[in-house]
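S.K.: Dropping the structure in here first, questions after.
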Amino acid sequence: MEQAATANLVTSAVDNPTMEIQDFDKVVQQYWPRILRFLLAAVQDSDVAETLTQDCFLRAYRSRERFRGDSTLNTWLMTIAVNLSRDHARNKRFHFWRRAQRHAIDSTLIAEWLPDRKISPEQRALIDEQVQAVWAATANLSDKQRTVFLLRFVEDLDILEIAEATGLSESAVNVHLFRAVRAIRRRVRGNHE
Amino acid sequence: MSNHLTEDQISRWFIGQSTLTEQRHVQGCGPCTAELGHFLDTIESFKVAVSTRADQLTGLASPNLAMVLSGEAIPATPVGVREIWSKNEFRHARWLSLVVHAVVLGLLVIPPAVTTSLRPTETVVTLYRSVPLILSFPRPDQSKSGGGGGGGRKALTPPSKGVPPRGADRQIVPPLVEPKNLMPELVVESTVIAPQLQNLRPIDVQIGDPAGVVGPLSAGPGKNGGVGTGDGTGVGPGRGPGVGEGEGGGVGGGPYVYGAGVGGVSAPVPISKVEPEYSDDARKARIQGAVELRIIVLADGTPRLERVTQALGHGLDQKAIDAVMQWRFRPGRRDGVPVATRLNITVNFSLR
Chain H
1 MEQAATANLV TSAVDNPTME IQDFDKVVQQ YWPRILRFLL AAVQDSDVAE TLTQDCFLRA
61 YRSRERFRGD STLNTWLMTI AVNLSRDHAR NKRFHFWRRA QRHAIDSTLI AEWLPDRKIS
121 PEQRALIDEQ VQAVWAATAN LSDKQRTVFL LRFVEDLDIL EIAEATGLSE SAVNVHLFRA
181 VRAIRRRVRG NHE
Chain P
194 MSNHLTEDQI SRWFIGQSTL TEQRHVQGCG PCTAELGHFL DTIESFKVAV STRADQLTGL
254 ASPNLAMVLS GEAIPATPVG VREIWSKNEF RHARWLSLVV HAVVLGLLVI PPAVTTSLRP
314 TETVVTLYRS VPLILSFPRP DQSKSGGGGG GGRKALTPPS KGVPPRGADR QIVPPLVEPK
374 NLMPELVVES TVIAPQLQNL RPIDVQIGDP AGVVGPLSAG PGKNGGVGTG DGTGVGPGRG
434 PGVGEGEGGG VGGGPYVYGA GVGGVSAPVP ISKVEPEYSD DARKARIQGA VELRIIVLAD
494 GTPRLERVTQ ALGHGLDQKA IDAVMQWRFR PGRRDGVPVA TRLNITVNFS LR
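Written out as structure tokens, the structure is:
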């Protein structure tokens, strides 16, 4: 599957990422938090996210010879992560897991992840509430919308990179992104009002 | 221009698809800028929250290549878990359970059968005094004849005086002092087994004991159907179908050499025995006891069943017969010649 994904990659690399992949230990340490962050938000289950992250790097390591540097290493790894999260969501056998993971990370829990900042309790409460709303809203998005949204706003990939990572066309990415933002805004505003 | 951005326009702005006009509006419009900024802050907070959590988890795991490769040993994909209340599909287990239950139930029901079948059944064979089954024999030499007979019908009075019936070599009807059936459909002459008396048959003379008394008709205090004070179907104080003292038939005293007495015939001896089995029915019902058989041992040593004299039921009778019929005997002998003899056999069945 990675092979098909990498074949779709468009050349956008400025320097030579193939050099970077030589030291895979360093790659793991450097990209682990990002991949984990994406998968955590995508599957909303810490255990599954960590498992999939490990799987992601394992797949990357096995097929590292096939990485030709057509895209950045980040995008390449993200492609694998996207595929893994999609497989995970698709797999019917994990129905039980998916149901259980709703309870795995309560949306109220995510507020505790926010670092302490010197803000008033009222502001803090407001931000907590909104973050929870976004978290809950992403859970209700379709897989494509959620993936596109997370890649854009959490991973800060641009439209082109998202298109590479997801295998979608640019216009399709835009449509999914638009719908995702609209749905989330609706949820956040609805919560707020 | 003064219109604020619609929801769709705001969403479009976020994904960098807003028109130039909209962008200009945002730059000059306080509420719109605030709205956009507020949502940006929210998204940013969301990103920070997720990033912080991911960093925490990463810090706990401290990932490296070795750890990634260790995933090769462990299947990275989770194993499917059966729904808790889903339909049970373990058909094998169900059948296994059925078989185990059947076996356990069977063991509960059968144990007496199983345990007793492992223990030997005790068979006690009692050989009663053998009774020869001589149906015909050569004419006796009168000088050597012996034996005697006796009988009676347990009457209180002594036997009537009279003459014994005709002597013959077989007795079909014992002597009768008082014929009970005066008009029998088939007239059979009463006899005693004493061939040497056959010519002394009196006619129209009261049948009785020569040593009896004159008086009312009586068969005497003896037993088993004859006349007199003895035992048997004969006449007189002896035992057997003959006349007078002695036993086994004939006239006179002492054993009847050719007659039906013990003296002339040796008892058959079993030379091979087959232990009878317990019948399932009797084992379950826990029946114990004895079956008595009367058999005839032929001259060749093979047994023939005459009758079952004491039955036990529950299939034990047949089991006893089956076993005894497989026995072989050394036949009883008279003067060294094998003869057929009658034998009583008691087969004891006991569960221990």
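Chains H and P, in that order, give the protein sequences.
Heads up: the first sequence at position 93 corresponds to 93 in the working numbering, and the numbers run straight through without jumps.
The number in the working numbering is simply the position in the second sequence, starting from 1, with 193 added.
Even for Gly, the Cβ is constructed at its ideal location relative to N, Cα and C.
Got a sec? Which residues, its chain only, sit under 7 angstroms from Lys347(P) by beta carbon, not counting five neighbours each side?
M.R.: Answer for Lys347(P): Pro414, Lys416, listed in chain order.
S.K.: By how many angstroms is the C-alpha of Thr147(H) removed from the C-alpha of His176(H)?
M.R.: Cα to Cα, His176(H) sits roughly 9 angstroms from Thr147(H).
S.K.: Just by C-beta distance, which residues in the stretch 219-246 of chain P are closer than 8 angstroms to chain H?
M.R.: Listed in sequence order: Phe232, Asp234, Thr235, Ile236, Ser238, Phe239, Lys240, Val241, Ala242, Val243, Ser244, Thr245, Arg246.
S.K.: Take the Cβ of Ala81(H) as the centre, count every other Cβ of all protein chains shown within 10 Å, and call the residue buried at 16 or more, exposed below.
M.R.: Ala81(H) should be labelled buried.
S.K.: Would you kindly check if the distance between the Cβ of Pro357(P) and the Cβ of Gly546(P) is under 9 angstroms?
M.R.: Here chain P covers residues 194 to 545 and nothing more, so residue 546(P) does not appear.
S.K.: With three or more beta-carbon pairs closer than 8 angstroms as the criterion, would you say the stretch 127-137 of chain H touches the stretch 166-173 of chain H?
M.R.: The stretch 127-137 of chain H vs the stretch 166-173 of chain H: no contact.
S.K.: Which whole-angstrom value is the C-beta distance of Ile480(P) and Leu505(P), which I expect to be below 8 angstroms?
M.R.: Right, the Cβ-Cβ distance comes to about 7 angstroms (below 8 angstroms), so this counts as a contact.
S.K.: When we look at the beta-carbon of Thr235(P) and count the other beta-carbons within 10 Å, is it buried (16 or more) or exposed?
M.R.: Buried.
S.K.: Can you check whether the C-beta of Leu262(P) is within less than 9 angstroms of a C-beta belonging to chain H?
M.R.: Chain H, which has a Cβ nearer than 9 angstroms to the Cβ of Leu262(P), makes this yes.
S.K.: Using the three-state DSSP reduction, which class does Phe522(P) fall into: helix, strand or coil?
M.R.: Residue state, collapsed to three classes: strand.
S.K.: Taking C-beta to C-beta, are Arg523(P) and Pro463(P) nearer than 9 angstroms?
M.R.: Contact: yes.
S.K.: What is the DSSP secondary structure of Ser120(H), counted as helix, strand or coil?
M.R.: Ser120(H) falls in the coil class under three-state DSSP.
S.K.: Quick one: what does DSSP say Gly252(P) is sitting in, helix, strand or coil?
M.R.: It is helical.
S.K.: Nearest to Gly405(P) by CA position, among Ile365(P), Gly435(P), Gly345(P), is which residue?
M.R.: The shortest C-alpha separation from Gly405(P) is found at Gly345(P).
S.K.: Taking 9 angstroms as the cut-off, decide whether the C-beta atoms of Val370(P) and Ala412(P) are in contact.
M.R.: Yes, Cβ-Cβ distance for Val370(P) and Ala412(P) is below 9 angstroms.
S.K.: Identify, in the order they occur along the chain, each residue of the same chain with its Cβ nearer than 6 angstroms to the Cβ of Glu470(P), setting aside the five sequence neighbours on each side.
M.R.: Answer for Glu470(P): Lys512, listed in chain order.
S.K.: Quick one: what does DSSP say Lys373(P) is sitting in, helix, strand or coil?
M.R.: Lys373(P) falls in the coil class under three-state DSSP.
S.K.: Could you tell me whether the stretch 151-162 of chain H touches the stretch 219-232 of chain P, using the rule of 3 or more Cβ pairs below 8 angstroms?
M.R.: In short, these stretches do not touch, since the Cβ pair count stays below three.
S.K.: Closest by CA to Thr75(H), which one among Asp143(H), Ala183(H), Leu151(H)?
M.R.: Minimum Cα distance to Thr75(H) is reached at Leu151(H).
S.K.: On a Cα-Cα basis, can you pick out the residue from Gly418(P), Glu485(P), Ala259(P), Val380(P) that is closest to Lys26(H)?
M.R.: Answer by Cα proximity: Ala259(P).
S.K.: When you compare the stretch 36-52 of chain H with the stretch 62-70 of chain H, are there three or more beta-carbon pairs, one atom per stretch, that lie closer than 8 angstroms?
M.R.: No: fewer than three Cβ pairs fall under 8 angstroms.
S.K.: So Gln29(H) is in the alpha helix (DSSP H); what residue range does that whole segment cover?
M.R.: Residues 24-43.
S.K.: Give me the chain H residues within the contact set of Glu215(P), using Cβ-Cβ distance strictly less than 9 angstroms, ordered along the chain.
M.R.: Here the premise fails: no neighbours, minimum Cβ distance about 14 angstroms.
S.K.: Can the beta-carbon of Val28(H) be found less than 9 angstroms from the beta-carbon of Val261(P)?
M.R.: Their beta carbons are under 9 angstroms apart, which means Val28(H) touches Val261(P) by this criterion.
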